[in-house]
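As structure tokens, the structure follows; a few thoughts come after it.
There are 2 protein chains.
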Amino acid sequence: MHIVCLDLEGVLIPEIWIAVSKAAGLDGLARTTREEADYDKLMKGRLDILAANNLRLADLQAIVKGMEPLEGALDFVRTLRGRVQFVLLSDTFDQFARGILEKLNWPTLFCNTLEVAPDGVITGYKIRQQDGKRCAVRAFKSINARVFAAGDSFNDLSMLREADAACLFRAPQAIVEQCPDLAATDSFDGLLEKIDVFLQESP
Amino acid sequence: MHIVCLDLEGVLIPEIWIAVSKAAGLDGLARTTREEADYDKLMKGRLDILAANNLRLADLQAIVKGMEPLEGALDFVRTLRGRVQFVLLSDTFDQFARGILEKLNWPTLFCNTLEVAPDGVITGYKIRQQDGKRCAVRAFKSINARVFAAGDSFNDLSMLREADAACLFRAPQAIVEQCPDLAATDSFDGLLEKIDVFLQESP
Chain A
9 MHIVCLDLEG VLIPEIWIAV SKAAGLDGLA RTTREEADYD KLMKGRLDIL
59 AANNLRLADL QAIVKGMEPL EGALDFVRTL RGRVQFVLLS DTFDQFARGI
109 LEKLNWPTLF CNTLEVAPDG VITGYKIRQQ DGKRCAVRAF KSINARVFAA
159 GDSFNDLSML READAACLFR APQAIVEQCP DLAATDSFDG LLEKIDVFLQ
209 ESP
Chain B
9 MHIVCLDLEG VLIPEIWIAV SKAAGLDGLA RTTREEADYD KLMKGRLDIL
59 AANNLRLADL QAIVKGMEPL EGALDFVRTL RGRVQFVLLS DTFDQFARGI
109 LEKLNWPTLF CNTLEVAPDG VITGYKIRQQ DGKRCAVRAF KSINARVFAA
159 GDSFNDLSML READAACLFR APQAIVEQCP DLAATDSFDG LLEKIDVFLQ
209 ESP
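Keeping their order, the protein sequence lines are chains A and B.
Take the first sequence: its position 126, counted from the start at 1, is 134 in this note's numbering, and no numbers get skipped.
Take the second sequence: its position 176, counted from the start at 1, is 184 in this note's numbering, and no numbers get skipped.
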């Protein structure tokens, strides 16, 4: 059995926090795991900004619902599903992502959870586990799946290196240069090609 | 994070081998894991019958492509996807199931693989691992997911008992009676209710 593990933001949809930053006019929310490798530091900063501006879960959900998948992403998902099982591994939050998953025809997503007070204020967040993407790949390998992984950020590197085959997808030049051990592509066609090679090489 | 694990045949689609049996007019293919708990014995018998009747993979795929999901299954899948992540755990074969997965809008499926000769003759089969459904539930628990499972057959029992919560779905009376420890329901509404309770009880 083969499983393809994909990062979500920057691969199939735009970065959610950048979209929120633009829609809410709050520049401080625009930092992502591309710029800040310390995820906890990143998230605490985001929650502080939300609280200071009285933004609640429903406000963020409305913004995410208005987002669209990246150009070509829906076709890519359709093609991929005809060839191999795939799962999205993301550091985003379930309550966020739901609004845009529908537009991708409900791919399976393993991610994290926001802690929300009854009045809708986001009070914190629950990480499923540390290094969760890598652990998910390891869990798939433990059930004898062969795993291919693709992602664009710092937080994808351990997942990519744990997988049987992998490639960076639209990663910033700095990450591509820091990771000469990883293949890289910027197009969905290029990604499909690499996945096809993986499917043929390890039946 | 929550994951719902569902058996495929008898839950969302009819039993594939029964459909093949009817379409090919071969009664011997109609036995399933409901009647025969020894899966290897069951599969070897099926492959012998296929070989004796010169049925190849393409013949079986054409039959499966003509199948339809069970009544209400597509609505159930749609509703479920809006509430929780779910994965199909099945002892069927990837090359079979693909034809009907599309009609369910491509849910994620972990299953087994047929071994097929270049001329399309099915020469054998590859089980991903022994007790694969249970191992998949265990793998999901290892990444800190809370797991709900539902299925109808002997080969689902270890998966159901490994899960944090579970229920039999449209199981034969004999299995329901042999398993007083497991809840049981025969309707998609009943199953959704049990899943909702699970989501509320273990946030």
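Glycine residues also receive a C-beta, built at the ideal position from the N, C-alpha and C atoms.
Here the structure is a predicted model, which is why all the values come from computation and not from measurement.
Could one say the Cβ of R93(A) lies closer than 8 Å to chain B's Cβ atoms, at least one of them?
Residue 93(A) sits at position 85 when you count from the first residue of the first sequence. Rather than Arg, the amino acid found at residue 93(A) in this sequence is Gln. At least one chain B Cβ lies under 8 Å of Q93(A).
Give a yes or no on whether 8 Å exceeds the smallest Cβ distance from N163(B) to chain A.
Residue mapping note: residue 163(B) aligns to position 155 of the second sequence, counting from 1. Output row for N163(B): interface = no.
Counting only Cβ-Cβ distances shorter than 9 Å, please list the residues of the segment 104-117 of chain B near chain A, keeping chain order.
R106, L109, E110, N113, W114, P115, T116, L117
Under 8 Å between C-beta atoms, does G128(A) make it to chain B?
Here the question's residue 128(A) lines up with position 120 in the first sequence. No, because no Cβ of chain B sits closer than 8 Å to the Cβ of G128(A).
Could you confirm whether any beta carbon from chain C is found closer than 8 Å to the beta carbon of G74(A)?
Of the protein chains in the structure, A and B, none is chain C.
Report all residues from its chain with a CB closer than 6 Å to the CB of F196(B); omit the five preceding and five following residues, and keep chain order.
Taking the first residue of the second sequence as position 1, residue 196(B) is located at position 188. Result list for F196(B): G80, F84, in chain order.
Output yes if chain B places a C-beta closer than 8 Å to the C-beta of A157(A); else output no.
What you label residue 157(A) is simply residue 149 of the first sequence in a count that begins at 1. Not one chain B Cβ lies under 8 Å of A157(A).
Just to confirm my understanding: we take D164(A), look at its own chain, exclude 5 residues before and 5 after, and list those with CB closer than 7 Å. What are they?
Looking up residue 164(A) in the first sequence gives position 156. Once the five neighbours on either side are set aside, the close Cβ partners of D164(A) are D15, K141.
So, I11(B) versus G36(B), is the Cβ gap smaller than 8 Å?
Against the second sequence, residue 11(B) aligns to sequence position 3. Against the second sequence, residue 36(B) aligns to sequence position 28. Not a contact, by the Cβ cut-off of 8 Å.
Start and end residues, beta strand (DSSP E) containing V124(B)
To locate residue 124(B), count along the second sequence from 1; it is residue 116. Taken as a continuous stretch (DSSP letters only), the beta strand (DSSP E) holding V124(B) covers 117-124.
So is S150(A) in contact with chain B if we call contact Cβ pairs under 8 Å?
Along the first sequence, one-based indexing puts residue 150(A) at 142. Yes, because at least one Cβ of chain B sits closer than 8 Å to the Cβ of S150(A).
Would you list, in chain order, the members of the segment 57-81 of chain A that have their beta-carbon closer than 8 Å to a beta-carbon of chain B?
none
Out of L176(A), D172(A), G74(A), which one is the CA nearest neighbour of L109(A)?
Counted from its first residue, the first sequence places residue 109(A) at position 101. Ranking L176(A), D172(A), G74(A) by Cα distance to L109(A) puts G74(A) first.
Assuming N61(B) and L34(B) form a contact by the criterion Cβ under 8 Å, report the distance between their Cβ atoms to the nearest whole angstrom.
As a position in the second sequence, residue 61(B) is number 53, starting the count at 1. As a position in the second sequence, residue 34(B) is number 26, starting the count at 1. Contact flag correct, Cβ pair sits at about 6 Å.
Do L207(B) and V92(B) count as a contact pair if the criterion is CB distance below 8 Å?
Counted from its first residue, the second sequence places residue 92(B) at position 84. Counted from its first residue, the second sequence places residue 207(B) at position 199. Closer than 8 Å, so yes.
Taking Cβ positions only, does G140(A) come closer than 8 Å to chain B?
As a first step, residue 140(A) is located in the first sequence; it is residue number 132 there, counting from the start. Yes, G140(A) counts as interfacial toward chain B.
What first and last residue would you give for the beta strand (DSSP E) that runs through A173(A)?
Along the first sequence, read from residue 1 onward, the residue named residue 173(A) stands at position 165. Element bounds for A173(A): 173-177.
Please confirm if C143(B) has its CB atom under 8 Å from at least one CB of chain A.
Reading the second sequence from its first residue, position 135 is the one you call residue 143(B). Answer yes: the Cβ-Cβ gap between C143(B) and chain A drops below 8 Å somewhere.
In chain B, which residues lie less than 8 Å from Q137(A) when you measure between Cβ atoms?
Along the first sequence, one-based indexing puts residue 137(A) at 129. Neighbours of Q137(A) on chain B, chain order: I151, N152.
With distances taken Cα to Cα, identify the nearest neighbour of D102(A) among R89(A), R154(A), E123(A).
On the first sequence, residue 102(A) is found 94 positions in, with the first residue counted as 1. Ranking the options by Cα distance to D102(A), first place goes to E123(A).
Considering S98(B), what are the terminal residues of the alpha helix (DSSP H) in which it resides?
One-based indexing of the second sequence puts residue 98(B) at position 90. Element bounds for S98(B): not the alpha helix (DSSP H) but the beta strand (DSSP E), 93-101.
Of the residues I183(B), V129(B), E43(B), which one's Cα is nearest the Cα of L55(B)?
Within the second sequence, numbered from 1, the residue matching residue 55(B) stands at position 47. Among I183(B), V129(B), E43(B), the Cα nearest to that of L55(B) belongs to V129(B).
Can you check DSSP and say which residues form a bridge with C13(B)?
Against the second sequence, residue 13(B) aligns to sequence position 5. According to DSSP, which records beta bridges pairwise, C13(B) is partnered with V95(B), A157(B).
Chain-ordered residues of the segment 37-55 of chain B with a beta carbon less than 9 Å from chain A:
none
Whole-angstrom C-beta distance between F177(A) and A158(A), which should lie under 8 Å:
Your numbering for residue 158(A) matches position 150 in the first sequence. Your numbering for residue 177(A) matches position 169 in the first sequence. Rounded, the Cβ-Cβ distance is 5 Å, consistent with contact.
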